[in-house]
Amino acid sequence: MYRRTYYDRDPYRSNYTRRSYDDSDIRPYSSYGNRYRTSTFNSLFYGYSRRPDYSYPWERDHELRTRREENRTESREVTRDERDEELREPEKDEEVNKKFHVNKVDLNIKSNTEDHHTDKYMCTKRKKDPDLVIRRGQSFKMTITFDRPYNNEQNEILFTFKTGKTPRPSNKTQAQIIMNENSSSRSKDKKEWFSKLVDKKENSIDVEVTPPCTCIIGEWRFTIQTESKIKDEGDKLILMYKHNEDVIILLNPWCPDDQVFMGTEQLLDEYILNESGAIWSGNYRQMGVKPWNFGQFRDGILDTCLHLIRKAYNNSVDPAMSDPVKLARAITKMVNAPDDNGVLVGNWSGDYSGGTPPMKWVGSVAILEEYAKNQGTPVQFGQCWVFSGLTTTVCRAIGLPARSVTNFASAHDTDGSTCIDKAFVRKGEDLEKVDIAGSSDSIWNFHVWNEAWISRPDLGKGYDGWQVIDATPQELSSGVYQCGPAPVTAIKKGEIGRPFDAPFIFAEVNADIVHWEILPNDSWVIIKTDSNDVGKNISTKKPDGKPYNGEASIWRGYGEKYRLDVTSEYKYPEGSLEERLAVQNADNEAKGGRDVFAAGDTMDISVEIEEKDGVLVGNDFEVELKLKNIKKKKALRTVKHLQVVVDSVKYTGDGRRNVIKKSFDDIRLDYGEGKIQLTNSDLLAFNTKLPTCCILINVIEVMIAGGMESMSNVPYYMSRGQTPYGKVELKDGIVFDGLTDAYDHIHMGVCAENTAKKYKISREEQDEYAIRSYKLSQQAAASGLFGKEITPVEITRKRGDPVVITEDEEYKKVNFDKFKTLRTVFQKDGTVTAANASTLNDGAAALVLMTASAAKRLNVTPLAKIIAFADAAIAPIDFPTAPAYAVPKVLKQAGLTKDEIDMWEINEAFSNVVLANVKELGLDMDKVNIHGGAVSIGHPIGMSGARITGHMVHNLLPGKFGMAAICNGGGGASAILIQRL
1 MYRRTYYDRD PYRSNYTRRS YDDSDIRPYS SYGNRYRTST FNSLFYGYSR RPDYSYPWER
61 DHELRTRREE NRTESREVTR DERDEELREP EKDEEVNKKF HVNKVDLNIK SNTEDHHTDK
121 YMCTKRKKDP DLVIRRGQSF KMTITFDRPY NNEQNEILFT FKTGKTPRPS NKTQAQIIMN
181 ENSSSRSKDK KEWFSKLVDK KENSIDVEVT PPCTCIIGEW RFTIQTESKI KDEGDKLILM
241 YKHNEDVIIL LNPWCPDDQV FMGTEQLLDE YILNESGAIW SGNYRQMGVK PWNFGQFRDG
301 ILDTCLHLIR KAYNNSVDPA MSDPVKLARA ITKMVNAPDD NGVLVGNWSG DYSGGTPPMK
361 WVGSVAILEE YAKNQGTPVQ FGQCWVFSGL TTTVCRAIGL PARSVTNFAS AHDTDGSTCI
421 DKAFVRKGED LEKVDIAGSS DSIWNFHVWN EAWISRPDLG KGYDGWQVID ATPQELSSGV
481 YQCGPAPVTA IKKGEIGRPF DAPFIFAEVN ADIVHWEILP NDSWVIIKTD SNDVGKNIST
541 KKPDGKPYNG EASIWRGYGE KYRLDVTSEY KYPEGSLEER LAVQNADNEA KGGRDVFAAG
601 DTMDISVEIE EKDGVLVGND FEVELKLKNI KKKKALRTVK HLQVVVDSVK YTGDGRRNVI
661 KKSFDDIRLD YGEGKIQLTN SDLLAFNTKL PTCCILINVI EVMIAGGMES MSNVPYYMSR
721 GQTPYGKVEL KDGIVFDGLT DAYDHIHMGV CAENTAKKYK ISREEQDEYA IRSYKLSQQA
781 AASGLFGKEI TPVEITRKRG DPVVITEDEE YKKVNFDKFK TLRTVFQKDG TVTAANASTL
841 NDGAAALVLM TASAAKRLNV TPLAKIIAFA DAAIAPIDFP TAPAYAVPKV LKQAGLTKDE
901 IDMWEINEAF SNVVLANVKE LGLDMDKVNI HGGAVSIGHP IGMSGARITG HMVHNLLPGK
961 FGMAAICNGG GGASAILIQR L
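Heads up: the sequence shown at position 804 corresponds to 804 in the UniProt record's numbering, and the numbers run straight through without jumps.
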């Protein structure tokens with residue numbers, strides 16, 4: 001057999017790897033026709049050094065061990081015959097540098113990620129080693145540059161894509177694709193890889209590669225094999241280029257052939273692309289809402305999510321990673337910690353020492369970053385809404401449409417009966433609740449799970465769409481804590497035999513509560529069945545694709561415009577024939593044996609609790625009961641004995657029993673209603689009241705409000721502890737403490753770039769606005785407007801006279817000719833520059849506030865009065881537009897419209913902050929920052945709020961209104977409305 005071995009040589013000395021193969025070693029070609037089998041193949045491997053396949057050390061160590069074993073297997077000694085062959089034909093070696101080499105591969109990351117809706121991932125925007133993130137079932141384009149023009153008669157190109165540690169074609173972890181030279185060709189099988197030539201330019205070609213719509217998700221590495229003729233007899237030289245960058249492939253809900261296809265763009269904007277959302281909590285009478293930052297596009301989050309998927313399959317790539325049903329199930333297993341060392345430890349004890357209380361989490365990013373930083377050590381602690389928020393993040397990150405869903409009055413069935421059992425024993429005239437051995441059924445005030453959008457070919461027609469998944473570790477499923485996916489349509493119909501975990505989920509939304517009396521002879525009889533007390537106001541955020549604005553309240557009806565009620569997707573109307581049939585169907589499959597239609601037939605009296613709005617913790621409250629005579633024959637009924645018991649319960653249903661117990665006898669009811677009240681005097685037994693919230697009104701009559709910042713004097717920080725030999729790391733205090741988002745750990749300028757992109761604000765618009773700011777400040781200073789609000793500052797010096805600062809100098813430090821030539825600061829292709837952002841400055845500002853009575857007593861004439869003020873908060877990355885959420889609150893309090901405001905001061909942290917809020921609020925720019933702002937006169941971050949408010953006080957005309965608004969890191973903003981007197 002003819003063989004030839006080549007060694008490293010110029011000009012590709014750094015790129016070649018010494019290898020020798022004969023035709024038996026080149027297996028991929030065996031299926032491509034006889035013309036390949038008779039050729040002699042000589043392969044050279046070359047390419048730049050690869051980055052590690054995975055970013056997690058505990059995975060990489062295993063990977064390196066595996067690679068060393070593979071290298072030992074592949075290494076072979078050159079035989080004497082082979083050395084003789086080289087000596088006999090040394091001139092043939094010169095042919096290597098004359099043949100077809102890959103010089104460069106451009107993955108066209110910017111255009112590909114825009115086409116694949118993956119351009120929001122920050123890993124695709126890194127200046128160094130950006131990642132190409134694409135979606136399966138859709139082509140991406142790469143540009144390959146050779147050392148000479150491509151000739152289709154002399155050259156062949158084959159791509160090999162691999163994933164995992166031991167790739168092979170049989171389990172779809174390896175694929176070989178011959179490039180089709182017909183640019184109009186299409187793939188015949190969308191479940192197979194495909195590539196085609198689309199363009200040729202000199203030494204370069206553009207190639208489209210299409211991963212199958214069933215591709216395993218994760219990091220794929222690839223090689224490009226070029227083939228060229230050596231001589232006329234048909235011998236061929238094979239050169240193998242190993243590319244050093246992975247291609248990350250995700251699920252594709254934009255692809256009709258993908259199992260996660262979702263055909264509505266507005267829904268995709270919410271369930272894939274929205275990083276900010278809301279999770280409902282509380283109880284069905286008083287629904288609260290928690291803003292949540294999913295952060296699926298933050299740098300490092302996608303790596304962590306893909307690691308979790310691999311970890312679910314023993315830190316390897318498994319064919320199951322192509323199936324969204326199995327992926328969704330794996331995610332529910334890995335988000336919780338009990339049996340797989342997943343992300344989050346659950347804790348419902350109330351003791352959170354050693355970890356973070358669940359209530360303090362406001363997003364997923366910090367949790368996943370802590371998990372990655374600690375090399376896979378579970379993070380402490382979480383409860384259901386935290387597990388759900390994390391699950392939404394992981395799903396959206398890998399391309400699986402998902403949303404967090406809250407079920408109020410959520411049943412927790414522990415024995416698979418699909419009903420909630422409560423047992424009582426009689427003591428005199430009273431019934432007292434007792435525990436049931438082997439069962440801990442309960443009703444949670446609320447429980448949060450997730451829905452993932454997946455088609456279910458495994459179940460047949462009618463079960464596609466939303467599937468319930470739940471990562472909160474409640475009950476074991478197949479031996480581990482995981483739950484779902486179960487079709488929502490199956491839950492509604494009571495078809496609990498459909499996989500996975502449908503009985504448990506059905507009980508959560510539609511279980512009957514069965515009350516049993518245990519008789520003295522130990523027999524059990526049903527005394528009451530409540531069929532409409534479980535599964536209420538099932539809620540999720542409306543799919544508008546916009547960040548939730550951060551409003552939260554315990555008042556009923558507040559925030560309803562953001563809530564989407566999906567109860568009807570889970571259950572038919574309470575008490576309807578369809579709903580009872582669904583419950584009967586579920587009970588039959590659970591082998592319960594109850595007649596669910598008999599529920600309530602023997603009840604003559606119904607009892608309901610009157611709903612009360614806005615009961616604050618620590619305040620007195622009344623309990624009002626409605627008793628209704630529901631006897632079919634409209635006759636007088638007498639309730640001989642009524643016992644009312646008030647329990648103190650946590651949201652999980654656990655708590656303290658019998659806090660209050662009161663009995664009423666001989667209550668006579670005509671057909672209709674009666675009422676019974678328990679007042680504060682009945683609540684004296686409740687001896688664990690929390691402190692009352694206090695509102696400070698007229699407690700302080702006169703105060704000074706303001707702030708200062710000396711950004712030029714902020715020190716550098718060095719961590720405590722032993723300094724490593726030869727290494728000292730200093731942190732810039734102003735960047736670390738003042739200009740970095742504490743939640744996502746990114747510079748505020750990155751957030752500003754995100755806002756510019758979201759609102760389509762160009763670099764030119766920002767430059768023009770900044771120039772406007774400088775010119776207006778110059779005009780205001782020249783006319784003396786700033787003089788009345790600046791107090792001279794005297795600075796002593798060691799030598800010479802003191803220096804007196806009487807004016808702001810920043811507006812003078814500008815060269816308009818350089819505006820358009822400055823490089824962007826935060827992103828290579830960004831829009832924010834040093835010129836169109838605020839500068840680092842020193843400054844202080846203060847205002848005197850007092851009540852009207854104090855002003856009268858002190859004989860002080862106020863300059864202005866505060867009409868209203870408000871705060872708002874949204875996702876941290878969207879903080880530049882947070883003022884647009886605070887301002888409407890202020891206007892609503894004041895009963896004014898935006899057109900009635902005469903002067904607007906919006907702090908110019910960045911030029912696009914003002915431009916975005918003007919767009920969002922629809923403001924008249926002629927009223928906004930009419931004397932310039934922070935871009936031109938500086939933004940000492942501790943004093944800017946007082947400065948812009950004071951500037952309005954001095955420059956409003958009597959009787960006119962002014963609105964000042966300022967954003968701050970973390971997603972918050974404040975706004976204040978004043979009127980000049």
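Glycine residues also receive a C-beta, built at the ideal position from the N, C-alpha and C atoms.
Give the secondary structure of residue i by DSSP, where H, G and I count as helix, E and B as strand, and everything else as coil.
i      : result
Tyr716 : strand
Phe41  : Model confidence at Phe41 stands at a pLDDT of 34, short of 50, so the residue's coordinates are unreliable; what they give is reported in the following sentence. Phe41 falls in the strand class under three-state DSSP.
Trp440 : Inspection of the sequence shows that residue 440 is occupied by Ser rather than by Trp. If DSSP states are grouped into helix, strand and coil, Ser440 belongs with coil.
Gln296 : coil
Pro520 : coil
Val913 : helix
Trp254 : coil
Tyr725 : coil
Gln979 : strand
Leu785 : coil
Ser606 : strand
Gly969 : coil
Ser936 : helix
Glu495 : coil
Lys165 : coil
Check the DSSP bridge columns for residue i and list the partner residues they point to.
i      : result
Cys419 : Asp512
Pro378 : BP columns for Pro378 are empty, so no partner.
Asp530 : Ile513
Glu905 : Ala964
Phe194 : Thr210
Tyr481 : Leu476
Gly462 : None, per the DSSP bridge assignment.
Glu709 : Gly843
Which residue from the options puts its Cα closest to that of residue i?
i           : options                           : result
Gly948      : Ile301, His931 and Tyr241         : The sequence shown places Ile at residue 948, rather than the Gly named in the question. It is His931 whose Cα lies nearest to the Cα of Ile948.
Ala868      : Phe297, Ala975 and Asp666         : Ala975
Ala471      : Ser576, Val514 and Thr332         : Thr332
Ser170      : Asn180, Glu192, Lys812 and Ser439 : Glu192
Met903      : Gly938, Gly950 and Ile941         : Gly950
residue 991 : Ile906, Ile795, Phe294 and Ile609 : The question about residue 991 has no answer here: the residues shown for the chain are numbered 1 through 981.
Leu400      : Met262, Lys311, Leu431 and Tyr284 : Met262
Leu302      : Ile279, Leu251 and Ala781         : Leu251
Tyr463      : Gln474, Gly497 and Ser477         : Gly497
Gly300      : Glu768, Ala845 and Val365         : Val365
Got a sec, what are the start and stop residues for the beta strand (DSSP E) residue i sits in?
i      : result
Thr160 : Asn155 to Lys162
Leu344 : Leu344 to Gly346
Asn629 : Val623 to Asn629
Lys433 : Asp430 to Val434
Thr796 : It is not in any beta strand (DSSP E) - Thr796 carries neither H nor E in the DSSP assignment.
Ala756 : From DSSP, Ala756 is part of no beta strand (DSSP E) but of the alpha helix (DSSP H) over Met748 to Lys758.
Val317 : Counting along the chain, Val317 falls outside any beta strand (DSSP E), and DSSP gives it neither H nor E.
Tyr371 : Unbroken run through Tyr371 is the alpha helix (DSSP H), Val365 to Lys373; no beta strand (DSSP E).
Could you round the C-beta distance between residue i and residue j to whole angstroms and report it? I think they count as a contact, below 8 Å.
i      : j      : result
Lys236 : Pro212 : Not a contact, Cβ separation roughly 28 Å.
Pro319 : Lys172 : 6 Å
Asp441 : Asp421 : 6 Å
Ile157 : Met142 : Not quite, the Cβ-Cβ distance comes to about 11 Å (not below 8 Å), so this is no contact.
Glu905 : Gly969 : Contact flag wrong, Cβ pair sits at about 19 Å.
Asn103 : Leu132 : Between Leu132 and Asn103 the Cβ distance is about 19 Å, and since that is not below 8 Å, they are no contact.
What residue range does the alpha helix (DSSP H) around residue i cover?
i      : result
Met223 : Per the sequence shown, the amino acid found at residue 223 is Thr instead of Met. No alpha helix (DSSP H) contains Thr223, which is instead part of the beta strand (DSSP E) from Gly218 to Lys229.
Arg329 : Pro324 to Val335
Return yes when at least one heavy atom of the ligand NAD lies under 8 Å from the C-beta of residue i, else no.
i      : result
Leu847 : Ligands displayed in this structure: none; no statement on the ligand NAD is therefore possible.
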